[in-house]
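Student: Start counting the sequence shown at 119; every next residue gets the next number (the numbering used here). Ideal placement from N, C-alpha and C gives every residue a C-beta, glycine not left out.
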Amino acid sequence: SQYRASETGAVPDMDRLIEWLETHMPADDIRVALVHGDYRLDNLIFATDQPRVLAVLDWELSTLGHPFADIAYQCMQWRLPHASGFRGLGGVDRAALGLPSEEAYV
Numbered sequence: 119s120q121y122r123a124s125e126t127g128a129v130p131d132m133d134r135l136i137e138w139l140e141t142h143m144p145a146d147d148i149r150v151a152l153v154h155g156d157y158r159l160d161n162l163i164f165a166t167d168q169p170r171v172l173a174v175l176d177w178e179l180s181t182l183g184h185p186f187a188d189i190a191y192q193c194m195q196w197r198l199p200h201a202s203g204f205r206g207l208g209g210v211d212r213a214a215l216g217l218p219s220e221e222a223y224v
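#1: Out of S119, L207, L217 and V224, which has the shortest C-alpha to C-alpha gap to R170?
#2: Contact between the stretch 145-152 and the stretch 176-192: three or more CB pairs below 8 Å?
#3: Buried or exposed for Y121, please, with buried defined as at least 16 other CB atoms from any protein chain shown within 10 angstroms of its CB.
#4: Can you tell me where the beta strand (DSSP E) with I163 in it begins and where it stops?
#5: Take D160 as the anchor and find which of H142, D133 and F204 has the nearest alpha-carbon.
#6: If you draw a straight line from the C-alpha of W177 to the C-alpha of E220, how long is it?
#7: Following the continuous alpha helix (DSSP H) through T141, name the residue where it begins and the one where it ends.
#8: In this structure, does DSSP put A151 in helix, strand or coil?
Below, the structure written as structure tokens:
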């Protein structure tokens with residue numbers, strides 16, 4: 119896994135999480151797509167005159183994977199706290215910023 123390839127030391131909580139995830143993964147539906155790997159608002163360039171994405175940046179984590187991986191990553195960013203150093207959007211008034219709700223996005 120990407121985590122195992124980059125870990126610098128043992129983290130028992132991560133080991134338990136990885137074990138839990140491995141035993142609770144849904145059955146593989148064998149769908150494969152190009153996955154960006156870091157899909158979030160920071161990596162998008164928007165048109166200035168309309169709500170349209172012009173470009174997706176930062177492709178070094180791209181890989182083949184499940185087509186829902188990028189949408190799950192984006193939704194995770196919307197739930198992470200804004201003030202915690204995670205750069206999340208949790209607690210931010212997304213409607214005031216012109217961003218759709220998570221339900222509308224999905």
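Tutor: With the given structure in hand:
#1: Among S119, L207, L217 and V224, the Cα nearest to that of R170 belongs to L217.
#2: yes
#3: exposed
#4: L162 to F164 is the span of the beta strand (DSSP E), which, as asked, contains I163.
#5: That would be F204, whose Cα lies nearest to the Cα of D160.
#6: 24 Å
#7: P130 to H142
#8: strand
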